[in-house]
Amino acid sequence: SYKRSMADPGRRLAVLAFAMALTAPVRGGLERCDAPLDCIIKLGGSALTEKASFETLNRDALATTAATIGSLMQVERAPRLAIVHGAGSFGHHHAKEFLIQQGAEAHIDSALGFAKTRSSVTRLNSIIVKALVDQGVPAVSISPFPSWRTSSRKLYADALEAVERALRAGLVPVLHGDAVLDDAQGMAILSGDALMLALGLHLRPTHAVFLMDVAGVFDRPPSEPGAALVERISVDAAGRIVSAADAVRTTTAHHDVTGGLDTKLQTAVELARSGVPTYLARVGTPAAESAIRGEPFDGTVVALEDED
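The numbering used here applies: residue 157 is where the sequence shown begins, and numbers increase by one.
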């Protein structure tokens, strides 16, 4: 019987060793990652929500995006994906009101503001994960708080091994911009773009995709007459833009506490510099699906200058 077998000290040690092997942490690092990945997708908060309206979802954009990703997962060799989404109107307003990015001492009710920000962004994350699962995507939520931390707003500690484990299990991890603890100032905002960069440098996907509310990077704000799409931005090994540098002009919405398109472009440049070509396309369009597949698309490519 089980009780008799466990009475044997040798048997108990063997069972304990087996259990420890199952639960032992898997260590990851930039020098080694055995969770292969085809694409990291950033779903822009401005694309999936009505960013100027408090906690208002762009349901059509979400439905189209979930359906697109779902269709990609139905093929025989489905792409291996990780997804990051911004907060949009489900977080930026609380974060701005309570000055979360400035730290715990910036507002008398910063702790409550921190909690409200997290409640809002995790609500959006739940909506997005459900939309993906409903389309047959094995999506699982991985929130940065509390494992990811910053120090003076810079990423200081992460939980990349949890993302690796999810990928190896055949799951699609879905992370999001979040309010996190900061070792220097108590609390801060960890943006989805910062998560994209950390994941890209560690997991080394074939490519990365930013799905936005515009078709890519323009030579001036796209709302201005005559704005032209910049189809390619080439960078050198030092991260300098060596083509289209004079044409790249971007705007940042005044209520976006994480940097807007400027930050996205900087992230894309850093990813490209590390050898991960990055595509910027409009959400809910055929270009978005083509970009995820790594096929030619109507949008902006950011890549090393010697890459096709």
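Backbone N, C-alpha and C define an ideal beta-carbon position, used for all residues, glycine too.
- The three-state reading of DSSP puts Ile264 in coil, since its state is none of H, G, I, E or B.
- The beta carbon of Asp339 sits closer than 7 Å to the beta carbons of Arg305, Ser307 and Tyr312 from its chain, once the five residues preceding and following it are set aside; these are given in chain order.
- Secondary structure at Pro452: coil, using DSSP grouped into helix, strand and coil.
- Rounded to whole angstroms, the separation of the alpha carbons of Leu213 and Gln230 is 26 Å.
- Segment contact: the region 256-264 against the region 338-358, three or more CB-CB distances shorter than 8 Å; contact assigned.
- Note on geometry: alpha-carbon atoms of Asp375 and Gly382 lie some 9 Å from one another.
- Contact check between the region 345-356 and the region 435-453: fewer than three CB pairs, one atom from each, fall below 8 Å, which does not count as touching.
- Here DSSP, grouped into helix, strand and coil, assigns Leu331 to strand.
- For Ile196, the enclosing beta strand (DSSP E) starts and ends at Cys195 to Leu199.
- By the neighbour-count criterion, in which 16 or more other beta carbons inside 10 Å mark a residue as buried, Phe254 falls on the buried side.
- Counting C-beta atoms within 10 angstroms of its own C-beta, Asp265 has fewer than 16 neighbours from the protein chains shown and is therefore classed as exposed.
- In the structure shown, the three-state DSSP call for Lys310 is strand.
- Residue pairing for Asp338: DSSP places it in a beta bridge opposite Thr306 and Gly342.
- Residue pairing of Ser297 in beta bridges, as defined by DSSP: Val330.
- The count of Cβ pairs closer than 8 Å, one atom from the region 358-373 and one from the region 447-455, reaches three, so the stretches are in contact.
- When DSSP states are grouped into helix, strand and coil, Thr221 belongs to the helix group.
- Scanning Lys272, Glu387, Arg324 and Ser297 for the CA closest to the CA of Ile345 turns up Lys272.
- At a Cβ-Cβ threshold of 8 Å, Val296 and Ile225 do not count as neighbours.
- Between the C-alpha atoms of Ser245 and Ile283 there is a straight-line separation of about 14 Å.
- Here His241 is not near Leu193, since their CB atoms are 8 Å or more apart.
- Across the set Gly348, Val370, Glu461 and Ile389, the C-alpha of Val370 shows the shortest separation from the C-alpha of Glu380.
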